[in-house]
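Residue numbers (our numbering): -9 to 54.
For every residue, glycine included, the Cβ atom is placed at its ideal position computed from N, Cα and C.
As structure tokens, then:
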């Protein structure tokens, strides 16, 4: 995966996180929604890799 792909995945994850926070979704639902969004944006990305990306971007205070 090249750097532009990684940048795009990061943007998809950040957008999904912001949307989930705006809708006040609970963390498990929001995290998995963001993971699925990342996986859909780049079909070669596995669930573990997508989760690692989303979790690294997830706000620390929202991890409950």
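- Separation of the CB atoms of residue 3 and residue 44 is rounded to 5 Å, and the pair is thereby assigned contact status at 8 Å.
- It is roughly 10 Å from the alpha-carbon of residue 25 to the alpha-carbon of residue 19.
- In this structure, the alpha-carbon of residue -5 lies about 16 Å from that of residue 41.
- Going by C-alpha positions, residue 29 is about 12 Å away from residue 21.
- A straight-line Cα-Cα distance of about 19 Å links residue 14 and residue 46.
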